[in-house]
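Peer 1:
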Amino acid sequence: MSLDEAIRLRDPSRLPSRRDEDWRWTDLRGLLRTVPEPSQRLEPGELGVGPFDGLEGEAILVANGAGPEDLRIVADESRTVILRNVSRGDGAHASRLRIEVAAGGRLTLLESHEGGGAGLSLLGIDLSLGEGASCERLVLSDLDPESVAVVELDVRLSARTRFAQTLMTTGARRQRLETRVRHPGQGAEVRLDGAYVLRDRRHADLTTSVRHEGPDGRTEQLTRGIVDDQARAVFQGRITVQEGADGADARMAHNALILSDRAEVDARPELEIYADDVACAHGATVGALDEDVLFYMRQRGLPEAEARSLLAASFLGEVLDRVEAPVPVEYLRAWLAARLDAGI
Amino acid sequence: MLSLRDLRVRVGEREILKGLTLDVPSGEVHAIMGPNGAGKSTLSYVLTGRPGYEVTGGAAELDGVDLLGLEANARAAQGLFLSFQYPLEIPGVPALTFIRAAMNAQRKARGEAEISAPDFLKQARVCASDLKIDFDMLKRPLNVGFSGGEKKRMEVFQMAMLSPRFMILDETDSGLDIDALRIVSDGVNALRGPGRSMLVITHYQRLLDYIRPDRVHVLADGRIAASGGPELALELEREGYDKYARAA
Numbered sequence: 000m001s002l003d004e005a006i007r008l009r010d011p012s013r014l015p016s017r018r019d020e021d022w023r024w025t026d027l028r029g030l031l032r033t034v035p036e037p038s039q040r041l042e043p044g045e046l047g048v049g050p051f052d053g054l055e056g057e058a059i060l061v062a063n064g065a066g067p068e069d070l071r072i073v074a075d076e077s078r079t080v081i082l083r084n085v086s087r088g089d090g091a092h093a094s095r096l097r098i099e100v101a102a103g104g105r106l107t108l109l110e111s112h113e114g115g116g117a118g119l120s121l122l123g124i125d126l127s128l129g130e131g132a133s134c135e136r137l138v139l140s141d142l143d144p145e146s147v148a149v150v151e152l153d154v155r156l157s158a159r160t161r162f163a164q165t166l167m168t169t170g171a172r173r174q175r176l177e178t179r180v181r182h183p184g185q186g187a188e189v190r191l192d193g194a195y196v197l198r199d200r201r202h203a204d205l206t207t208s209v210r211h212e213g214p215d216g217r218t219e220q221l222t223r224g225i226v227d228d229q230a231r232a233v234f235q236g237r238i239t240v241q242e243g244a245d246g247a248d249a250r251m252a253h254n255a256l257i258l259s260d261r262a263e264v265d266a267r268p269e270l271e272i273y274a275d276d277v278a279c280a281h282g283a284t285v286g287a288l289d290e291d292v293l294f295y296m297r298q299r300g301l302p303e304a305e306a307r308s309l310l311a312a313s314f315l316g317e318v319l320d321r322v323e324a325p326v327p328v329e330y331l332r333a334w335l336a337a338r339l340d341a342g343i
Numbered sequence: 000m001l002s003l004r005d006l007r008v009r010v011g012e013r014e015i016l017k018g019l020t021l022d023v024p025s026g027e028v029h030a031i032m033g034p035n036g037a038g039k040s041t042l043s044y045v046l047t048g049r050p051g052y053e054v055t056g057g058a059a060e061l062d063g064v065d066l067l068g069l070e071a072n073a074r075a076a077q078g079l080f081l082s083f084q085y086p087l088e089i090p091g092v093p094a095l096t097f098i099r100a101a102m103n104a105q106r107k108a109r110g111e112a113e114i115s116a117p118d119f120l121k122q123a124r125v126c127a128s129d130l131k132i133d134f135d136m137l138k139r140p141l142n143v144g145f146s147g148g149e150k151k152r153m154e155v156f157q158m159a160m161l162s163p164r165f166m167i168l169d170e171t172d173s174g175l176d177i178d179a180l181r182i183v184s185d186g187v188n189a190l191r192g193p194g195r196s197m198l199v200i201t202h203y204q205r206l207l208d209y210i211r212p213d214r215v216h217v218l219a220d221g222r223i224a225a226s227g228g229p230e231l232a233l234e235l236e237r238e239g240y241d242k243y244a245r246a247a
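Quick note, the sequences are listed as chains A and B, same order. Residue 152 in numbering that gives the first Met the number 0 is what sits at position 153 of the first sequence, and the numbering runs on without skipping anything. Residue 74 in numbering that gives the first Met the number 0 is what sits at position 75 of the second sequence, and the numbering runs on without skipping anything.
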């Protein structure tokens, strides 16, 4: 893909730009002009602690793009993997990780994106699930404000598999979290959720595409986010139901709250349906906190800032309630609350 | 307790309150009655600090504290409570979570310690049982999907929990059937006592059969047009507001 080539060849003309329809709101070529030099090696001592430290699981590290290339979960095995993707400095790096979960296997992937410096990074993950396998992916992304980062996940499902993910991010100078799913139907289920809290001049792009290729597949999607200051959120959700993928059930919702006149949300939900017998729906809303509700809360004694963050936290809370990974929901609430309390 | 002097309020270009003077002494319940558009809801909102109401003259004090210079939440911490005509829904925030946050915010503003979780729950159980509120309802997001009567009951529940010293009841009887009206009124009456006052805003006399006022005032065209004892409410019920509307 072009970003991978742009980094490896240090060729800025290969960076995705607004001329690529899918990247029009996350223009990297216009932003960067040049591709930074390759990142330096990172020593383990420089890494600090990750947000999932202390939870039980097998640790995998990608440090400035250096890390393992393959991960296999054998048949009927159940594993929790804590994947830290840490970047430092102002260089560029790209890496790719293949994950295979064999038939009947279960993977809980607790993934964090940390640091970033003023650099450019790409992490690509290929995930394939054998028949009856399942994977729950939980992502916490908290990057440096000057970083530019892209994470791409390609998922291949088999019959009766389940893939569920929840992305939680505070964005970056420019960030894209992209998820592409090939959905065979046949009883397979997909949940693609996300929550973002963006402030200052941060940007986050949550792009998903799901292609229903066979009959009787389910997809559900709930993304909620809050943008403040001059931040910008991009949500692109595409669900395609191919001819013959009858019985598909796909539901997508994206709701955003804008807390400042200068913040922006660009949302593009798309359903492309070429089969006859399907149940599909999408809903998208962009709004502000309800001033009448805020007054009601203040009349009861809550200071305005507290009322705002309570409303914002409960708005995002519905996404957290759907997380199935063995991470205490209180921990995720606190993670979000800490990012909300800084001034909403 | 509450003292309003020549209060003048505009909303946009329109003057709604045109020199309203009113005193509610400590321990008394006063009713404000009046035709639609007289400024009854404006009075409740301007006293509680809702944005969008411009005070162009006069004063409003609660026990000598100037209310008009305080933020809405600071007025609440002073002990001012408005039971809303149309209580708002707060999606995603359980009623108990909200009330506890409000209670602790008020305590913090007054320099008091937070209430402990067991003490809070104990108090909530007692108040809920008095108002015949199912305790499980308090674990649901506040007012979301509640009926009109349930919302009014939740207002009185919050009032009992927060224990304000000055209460404004804005059309608390609207949307209530007779049984609910009795429960709500009993809840309100239980809060009456020395050191506590109320302003009961109502369109109809019916509520005043349950919450007996010490004084009744007629609000017409932004001013108090008449004041009297409880018998004034009965007269208004018989004769309507026509003569005040004409006088205005």
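Just so it is clear, CB atoms sit at the ideal spot from N, CA and C, and this is done for glycine as well. On a predicted model such as this, the values are computed, not experimentally measured, just so you know.
(1) Compare the C-beta of A:S313 against all C-beta atoms of chain B and say whether one is closer than 9 Å.
(2) To the nearest angstrom, how far is it from the Cα of A:E263 to the Cα of A:R332?
(3) Buried or exposed: A:T165, going by 16 or more other Cβ atoms within 10 Å of its Cβ?
(4) Out of A:D192, A:R173, A:S94 and A:R159, point me to the one whose CA is closest to A:E323's CA.
(5) Under the three-state reduction of DSSP, which class applies to A:V233: helix, strand or coil?
(6) Report the neighbours of B:I89 on chain A: residues whose CB is nearer than 8 Å to its CB, in chain order.
(7) Determine the DSSP secondary structure at B:K138, reduced to helix, strand or coil.
(8) Report yes or no: is there a C-beta of chain A within less than 9 Å of the C-beta of B:V92?
(9) Excluding sequence positions up to five away, which residues of its chain have a Cβ less than 7 Å from the Cβ of B:G144?
(10) Between the C-alpha atoms of B:N72 and B:D220, what's the straight-line distance to the nearest angstrom?
(11) Just verifying my parser: in three-state terms, what is the DSSP assignment at A:L8?
(12) Counting contacts by CB-CB distance shorter than 9 Å, is B:Q122 in contact with chain A?
(13) Measure from the C-beta of A:G224 to each C-beta in chain B and report whether the shortest distance is under 9 Å.
(14) From what residue to what residue does the alpha helix (DSSP H) around A:R297 run?
(15) Buried or exposed for A:I343, please, with buried defined as at least 16 other CB atoms from any protein chain shown within 10 angstroms of its CB.
(16) Hey, how far is the Cα of A:D291 from the Cα of B:E238?
(17) Measure the Cβ-Cβ separation of A:N63 and A:S120 and say whether it is below 9 Å.
(18) What three-state label does DSSP hand B:E70 in the structure shown?
(19) Under 9 Å, do B:R214 and B:L16 count as touching if we go by C-beta distance?
(20) Give me the Cα-Cα distance between B:S173 and B:L198, rounded to the nearest whole angstrom.
(21) Please tell me whether B:R211 and B:V28 are closer than 9 Å, where the distance is taken between their beta carbons.
(22) Please return the same chain residues whose Cβ sits closer than 7 Å to the Cβ of A:M251, not counting the five positions on each side in sequence.
(23) So who's on the other strand from A:R83, going by DSSP bridges?
(24) Around the Cβ of A:D227, are there at least 16 other Cβ atoms within 10 angstroms (buried) or fewer (exposed)?
(25) Who are the neighbours of A:G316 on chain B, taking C-beta pairs under 8 Å?
(26) Is the beta carbon of A:E45 sitting closer than 9 Å to the one on A:R87?
(27) List the DSSP bridge partners of B:S196.
(28) Given that a residue counts as buried once 16 or more other Cβ atoms are within 10 Å of its Cβ, and exposed if not, what is B:T41?
(29) Do we get a CB-CB distance below 9 Å when we pair B:N72 with the residues of chain A?
(30) Which residues in the same chain have their Cβ closer than 8 Å to the Cβ of A:P144, if we skip the five residues on either side of it in sequence?
(31) Using 9 Å as the threshold, is the C-beta distance between A:G66 and A:I72 below it?
(32) Mind checking which residues open and close the alpha helix (DSSP H) that includes B:Y209?
(33) Taking A:L156 and A:A187 to be in contact with their CB atoms under 8 Å, please state how far apart those CB atoms are, rounded to whole angstroms.
(34) Since A:E305 meets chain B, which of its residues come closer than 9 Å, beta carbon to beta carbon?
(35) Go ahead and pull the three-state DSSP assignment for B:N301.
(36) Can you name the residues of chain A whose CB is closer than 9 Å to the CB of B:T171?
Peer 2: Looking at the coordinates:
(1) By one-based count along the first sequence, residue 313 of chain A stands at place 314. Yes, A:S313 counts as interfacial toward chain B.
(2) Translated into positions along the first sequence, residue 263 of chain A becomes position 264. Translated into positions along the first sequence, residue 332 of chain A becomes position 333. Near 24 Å, if we compare the C-alpha coordinates of A:R332 and A:E263.
(3) Position 166 of the first sequence, counted from the start, is the residue given in the question as residue 165 of chain A. Buried: at least 16 other Cβ atoms inside 10 Å.
(4) Position 324 of the first sequence, counted from the start, is the residue given in the question as residue 323 of chain A. Closest by alpha carbon: A:D192.
(5) Here residue 233 of chain A is taken as the residue at index 234 of the first sequence, counted from 1. A:V233 carries a strand assignment under DSSP once its states are collapsed to helix, strand and coil.
(6) In the second sequence, counting from the first residue as 1, residue 89 of chain B sits at position 90. Neighbours of B:I89 on chain A, chain order: V292, Y295, M296, L310 and S313.
(7) Taking the first residue of the second sequence as position 1, residue 138 of chain B is located at position 139. If DSSP states are grouped into helix, strand and coil, B:K138 belongs with the helices.
(8) In the second sequence, the residue the question calls residue 92 of chain B occupies position 93. It does; some Cβ of chain A falls within 9 Å.
(9) By one-based count along the second sequence, residue 144 of chain B stands at place 145. None.
(10) Here residue 72 of chain B corresponds to residue number 73 of the second sequence, with the count starting at 1. Here residue 220 of chain B corresponds to residue number 221 of the second sequence, with the count starting at 1. About 29 Å.
(11) The residue you call residue 8 of chain A lines up with position 9 of the first sequence. Residue state, collapsed to three classes: helix.
(12) Start at 1 with the first residue of the second sequence, and residue 122 of chain B comes out as number 123. Output row for B:Q122: interface = no.
(13) In the first sequence, counting from the first residue as 1, residue 224 of chain A sits at position 225. A:G224 does not count as touching chain B.
(14) Looking up residue 297 of chain A in the first sequence gives position 298. Following the DSSP letters along the chain, one finds A:R297 inside the alpha helix (DSSP H) bounded by residues E290 to Q298.
(15) On the first sequence, residue 343 of chain A is found 344 positions in, with the first residue counted as 1. The pLDDT assigned to A:I343 is 48, lower than 50, so where the model puts this residue is not dependable; a value taken from the coordinates is nonetheless given after this. Counting Cβ neighbours within 10 Å, A:I343 comes out buried, since at least 16 surround it.
(16) Looking up residue 291 of chain A in the first sequence gives position 292. Looking up residue 238 of chain B in the second sequence gives position 239. Cα to Cα, the separation comes out at about 36 Å.
(17) Indexing the first sequence from 1 puts residue 63 of chain A at position 64. Indexing the first sequence from 1 puts residue 120 of chain A at position 121. A contact, by the Cβ cut-off of 9 Å.
(18) Start at 1 with the first residue of the second sequence, and residue 70 of chain B comes out as number 71. It is coil, neither helix nor strand.
(19) Here the question's residue 214 of chain B lines up with position 215 in the second sequence. Here the question's residue 16 of chain B lines up with position 17 in the second sequence. Against a cut-off of 9 Å, the Cβ pair of B:L16 and B:R214 comes out as no contact.
(20) Working through the second sequence from its first residue, we reach residue 173 of chain B at position 174. Working through the second sequence from its first residue, we reach residue 198 of chain B at position 199. One C-alpha to the other measures close to 16 Å.
(21) Numbered from 1 along the second sequence, position 212 holds the residue referred to as residue 211 of chain B. Numbered from 1 along the second sequence, position 29 holds the residue referred to as residue 28 of chain B. A contact, by the Cβ cut-off of 9 Å.
(22) Residue numbering aside, residue 251 of chain A sits at position 252 when the first sequence is read from its first letter. Cβ neighbours of A:M251 beyond the five flanking positions: Q220, G236, I238, P268 and H281.
(23) Working through the first sequence from its first residue, we reach residue 83 of chain A at position 84. According to DSSP, A:R83 bridges with A:L60 and A:S111.
(24) In the first sequence, the residue the question calls residue 227 of chain A occupies position 228. With 16 or more other Cβ atoms within 10 Å, it is buried.
(25) Position 317 of the first sequence, counting from 1, holds the residue named residue 316 of chain A. The answer, in chain order, is G91.
(26) Against the first sequence, residue 45 of chain A aligns to sequence position 46. Against the first sequence, residue 87 of chain A aligns to sequence position 88. Yes, they are a contact pair.
(27) For this step, residue 196 of chain B is matched to residue 197 along the second sequence. Answer by DSSP bridge pairing, in chain order: B:F165.
(28) In the second sequence, counting from the first residue as 1, residue 41 of chain B sits at position 42. Buried, since its Cβ has 16 or more Cβ neighbours within 10 Å.
(29) Indexing the second sequence from 1 puts residue 72 of chain B at position 73. The beta carbon of B:N72 falls within 9 Å of a beta carbon belonging to chain A, placing the residue at that interface.
(30) Residue 144 of chain A sits at position 145 when you count from the first residue of the first sequence. Only A171, R172, D199, R200 and R201 meet the Cβ criterion.
(31) The count along the first sequence starts at 1 and reaches residue 66 of chain A at position 67. The count along the first sequence starts at 1 and reaches residue 72 of chain A at position 73. Not a contact, by the Cβ cut-off of 9 Å.
(32) Working through the second sequence from its first residue, we reach residue 209 of chain B at position 210. R205 to Y209 is the extent of the alpha helix (DSSP H) around B:Y209.
(33) In the first sequence, the residue the question calls residue 156 of chain A occupies position 157. In the first sequence, the residue the question calls residue 187 of chain A occupies position 188. Indeed they touch by this definition, with Cβ atoms about 5 Å apart.
(34) For the purposes of this step, residue 305 of chain A is taken as the residue at position 306 of the first sequence. Those within 9 Å of A:E305 in chain B are N72, A100 and A104.
(35) In the structure as shown, chain B begins at 0 and stops at 247. Residue 301 of chain B is therefore absent and cannot be evaluated.
(36) Taking the first residue of the second sequence as 1, we reach residue 171 of chain B at position 172. Here the premise fails: no neighbours, minimum Cβ distance about 15 Å.
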